[in-house]
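Structure first, commentary second.
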Ligand code: TPP
């Protein structure tokens, strides 16, 4: 890492000395060139007069495709889904001044909360207008041109308020590096005139810094020695618990190498689902505190030592804060710090630490291998009725999944139901378990499906409740189904029709009218939203187990050659096991 940094600095010096012949580029083109270097192939957003000039550069760009969205909220959700699937890259969204950027803000805040690298570019008035502050459209009418920037500061980890051609490139580089290194959204304002200011392209030859700061070698080696001592004391009888930040902070390769070389049993928290191949023989399933399946709970909580990697203990990710693992048996590795029992080691990050730890812990593999890990499986229950219950539905769906599928689950019965069933090798699981904004999955599925194409992944499959999809309709998020049709994408969308907000019924107001919704003709949706001739999509309703079985076994359906929507009829008051348990805990916590 030191050598890479040294080479980068040499290039910076070279470029500042003007050793390479300088070729001028527009600031807007510079920004696109940097996004291209980060692997961005799709830019989401909505046109507006403060970004139209820049959009000419986007449309003429060879590698970056403009995905015009139906509204900015969807665009921000799509950029989020894109970044989650395209590990190592970023999502990018372009909005216009005020009205556009404020609409995107829920999605940007979600990306901040869930640690997803999204670049939010807002086209803003020209520098001249910013200086004289006329009462332009999209302003608050009181001359506060900086109001939206102040709002963006709350939900992004770094901001570049571009104000001149001299510093524009350095500012763009600074925030893009922050986006990648911190794994959180950043905000760039691009004034209409500055987008076309000419600057040198020399800096583009210098790769963006992407590595987190180096760990202090002395502290790091002390930390490793301490961990090895604890593993020795535990005689290798320990487990690894992997969570969201392992995925978000790009430490999956390091984790997998550790697991394969040490043979330690591994479990995941809900936000870490799919961080580890769920068919791996040393994988034991999902741990969510007190709502964990009993056989898994016993294994995790009785381990002599727990190596927790990338943990994020939010309510829904921890069974309402009910981990039963004492601190004195826990080692926590985080993106930028380490904790051994009660002692904190700031600035010791996991990405550099894990490989060194692996080298020291490999020797425990023979002992670790002796710890039995019951396979994580899901059995389809024998049920007498033909009604589609959650207990039957999720294990049945588990059999339908294939390697490399991208599986998206909306907040509601879906995000809980899927936790108890294994996903195939190399599949990617997306859910917004911390931010939990219903409406996120449709935009996110669009971004995920586009990224899946770039990454040679398989089908994109979405599970969403009828209530969430109707909220999508009110927020106009549902329109993004139309963008999927326009872009020739072929996701399979399962709409769980259980007559309203079942998750909320479990939390509060089982029979209240506020949890009811109007029933819609879901199977007509894709026709209305753009499949006018009926040849771009297929829609189905399944009322029984038999009907769903028949559909899932149909090879044409499974091949996903067109976009498909399946309305799954389910009872109003049925919910997955994990949701019922969580609801009980949340109900008590809300009192
Ligand atoms: N508005 C937003 C933007 N996000 C939210 N999380 C909520 C409201 C509160 N909320 C959480 S779940 C839910 C609502 C309104 C209803 C989900 O119902 P549905 O999609 O039908 O799911 P299911 O019936 O499968 O539980």
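In this note's numbering, the protein residues as written are 0 to 590. Ideal Cβ placement from N, Cα and C applies to all residues, glycine included.
On the DSSP bridge assignment, give the partners of residue i in chain order.
i           : result
residue 343 : 338
residue 158 : 186
residue 178 : In the DSSP output, where bridge partners are listed per residue, residue 178 has none listed.
residue 566 : 494 and 540
residue 44  : 67 and 93
residue 331 : 307 and 338
residue 591 : Here the chain covers residues 0 to 590 and nothing more, so residue 591 does not appear.
residue 437 : None; residue 437 has no bridge partner.
residue 459 : 405
residue 285 : 267
residue 573 : In the DSSP output, where bridge partners are listed per residue, residue 573 has none listed.
residue 464 : 495
residue 23  : 199
Using the C-alpha atoms, what's the distance from residue j back to residue i?
i           : j           : result
residue 389 : residue 497 : 11 angstroms
residue 440 : residue 359 : 41 angstroms
residue 552 : residue 398 : 10 angstroms
residue 562 : residue 438 : 19 angstroms
residue 240 : residue 540 : 39 angstroms
residue 60  : residue 37  : 15 angstroms
residue 578 : residue 394 : 16 angstroms
residue 275 : residue 257 : 12 angstroms
residue 431 : residue 329 : 26 angstroms
residue 73  : residue 260 : 42 angstroms
residue 156 : residue 145 : 17 angstroms
residue 160 : residue 188 : 5 angstroms
residue 139 : residue 133 : 11 angstroms
residue 572 : residue 518 : 16 angstroms
residue 477 : residue 400 : 24 angstroms
residue 383 : residue 121 : 56 angstroms
residue 194 : residue 126 : 11 angstroms
residue 333 : residue 285 : 19 angstroms
residue 177 : residue 171 : 10 angstroms
Would you say residue i touches ligand 1, meaning its beta carbon is less than 7 angstroms from a heavy atom?
i           : result
residue 501 : yes
residue 235 : no
residue 413 : yes
residue 410 : yes
residue 497 : yes
residue 109 : no
residue 436 : yes
residue 142 : no
residue 467 : yes
residue 464 : yes
Three CB pairs or more closer than 8 angstroms across the region 522-542 and the region 449-457: no
Minimum length 3: unbroken beta strand (DSSP E) runs contained in the region 85-150: 90-95 and 117-123
Three or more C-beta pairs below 8 angstroms linking the region 112-120 and the region 477-487: no
Given 8 angstroms, three or more beta-carbon pairs between the region 410-426 and the region 77-90: no
The region 35-53 / the region 211-226 touching (three or more Cβ pairs under 8 angstroms): no
Cβ contact check for the region 295-307 and the region 186-204: 3 or more pairs under 8 angstroms: no
Any 3 or more C-beta pairs closer than 8 angstroms across the region 459-468 and the region 100-107: no
Meets three-Cβ-pair contact criterion under 8 angstroms: the region 315-323 and the region 288-300: yes
The region 365-383 touching the region 512-524, judged by at least three CB pairs closer than 8 angstroms: no
Stretch pair the region 227-243 + the region 61-81: three plus CB contacts closer than 8 angstroms: no
In chain order, each beta strand (DSSP E) run of at least 3 residues that lies wholly inside the region 187-260: 197-199 and 237-241
Sufficient close CB pairs (3 or more, under 8 angstroms) joining the region 340-355 to the region 506-523: no
Meets three-Cβ-pair contact criterion under 8 angstroms: the region 223-230 and the region 178-195: no
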